[in-house]
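Taking it in order: structure first as C-alpha cells, then the write-up.
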Ligand SMILES: O=C(O)CCC(=O)C(=O)O
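Residue numbers (the working numbering): 1002 to 1277.
Here it is, written out as C-alpha cells:
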C-alpha cells in the first residue's frame, strides 16, 4: 500500500496551495533517487543547468526531463506512489505526467531559487496542475528547503517567466518574452507576504499547486547537500497551452494535441493514475 493524504493535508493543499507530507515516499526510493542525482551531477543531460560544474561546494545544479531515458526515474514516477498523491491532491480522476526535475544545491551554494509561480513556465493552463518535491537530503529553510506564499494559488495572478539566478545564458533564453505581470519582489519585502516553509527530512515531500508562489534560499549548510526530485503532474482540467516563455522540453512539434485541448497524448504525457 502506498501512502494517501489525510484530511488535514488535503485541506492544506486546497487552502494554502501547499501541503507537507511527512514520510511520503519510502527510504528505498530516496536511496535510488540519490544515486540518480550522483549520476546526473557526473553526466548532466542536454537539459542540465550547472552554475559551477564539478565543484563540491557552491554548486547549483538542475536537470530535467529524464523520464524517457532514465529507467530509475521512469520507475519512480510509475511505482513510488506519487501519481496517486497528485491525483488525490488535485481532486482529479487522473494524473498525467509532465516532467521530472532534479534540483541540487551543494553546501555553501549562495544562489537562491527566486520566488516564482510554475504555471507560466509550462505549456498548460488549468487549476489541476501540481508538483511533488521530494526531499532526498535533510534541509531546513536556512539550507534551502522550499518556502511558499500561503494561499497565493487563489489570487488569480499569472506572473511572467523570468530567468533564475544562476541560469546560464543558454539555459535562460527560452524564458524571455512570456506574458504576465512582473512577480513581486518577495525576497525584499517578506513581511508583506504570508510565507510558510518546512524543514524536511529525506522522504518528506511538499505537494503544491503550479499556481502557488514559491522559492528557496541558498544552502547555508557547510557540509550537507540539498537535493530533491520534483515531479510535475497534470489533472483532468489541464489543457495544452504552448506559449512564448514556456519550457522548450516539450513543444507543439512533439505532441498530437492542439492548443486548448486536454493533453491526452499518452506518449508524451502518460496517464499514470489510475494505475492499470
Ligand atoms: O528546489 C528548488 O530550489 C526549487 C524547486 C522548485 O521551484 C519547484 O520544484 O518547482
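Don't be surprised by glycine CBs; every beta carbon is placed ideally from N, CA and C.
Asked, Found
"From residue 1231 to residue 1103, what does the alpha carbon distance come to, in whole angstroms?", "6 Å"
"How do the stretch 1127-1145 and the stretch 1092-1110 stand: do at least 3 beta-carbon pairs fall below 8 Å, yes or no?", "yes"
"Using only CA atoms, which one of 1122, 1243 and 1119 lies nearest to residue 1261?", "1243"
"Using a 10 Å radius around the Cβ and a threshold of 16 neighbouring Cβ atoms, would you call residue 1055 buried or exposed?", "exposed"
"Determine the closest residue to residue 1114 out of 1070, 1227, 1241 and 1275, with distance taken between C-alpha atoms.", "1227"
"Quick one: residues in its chain with C-beta nearer than 7 Å to the C-beta of residue 1144, no 5 flanking neighbours on either side, listed in chain order?", "1220, 1221, 1222, 1225 and 1227"
"Give me the Cα-Cα distance between residue 1109 and residue 1277, rounded to the nearest whole angstrom.", "44 Å"
"Do you know offhand how far residue 1259's Cα is from residue 1266's?", "10 Å"
"Does DSSP classify residue 1099 as helix, strand or coil?", "strand"
"Can you tell me where the beta strand (DSSP E) holding residue 1228 begins and where it ends?", "1227-1235"
"Give the DSSP-derived three-state secondary structure of residue 1081 in the structure shown.", "coil"
"Within 7 Å: the Cβ of residue 1114 and any heavy atom of ligand 1?", "yes"
"How would you label residue 1163, buried or exposed, when you count the other beta carbons within 10 angstroms and need 16 or more for buried?", "buried"
"When burial is assigned at 16 or more other CB atoms within 10 Å of the CB, is residue 1245 buried or exposed?", "exposed"
"Ligand 1 heavy atoms versus the CB of residue 1215: any closer than 7 Å?", "yes"
"Grab the span of the beta strand (DSSP E) containing residue 1064 for me, first residue to last.", "1061-1065"
"Does the Cβ of residue 1132 lie closer than 7 Å to at least one heavy atom of ligand 1?", "yes"
"With H, G and I counted as helix, E and B as strand and the rest as coil, what does DSSP make of residue 1135?", "strand"
"Please return the same chain residues whose Cβ sits closer than 6 Å to the Cβ of residue 1098, not counting the five positions on each side in sequence.", "1078, 1271 and 1273"
"I need the straight-line Cα distance from residue 1241 to residue 1269, nearest angstrom please.", "12 Å"
"Hey, out of 1019, 1252, 1179 and 1186, whose CA is closest to residue 1121's CA?", "1179"
"Taking 7 Å as the cut-off, is the beta-carbon of residue 1119 closer than that to any non-hydrogen atom of ligand 1?", "yes"
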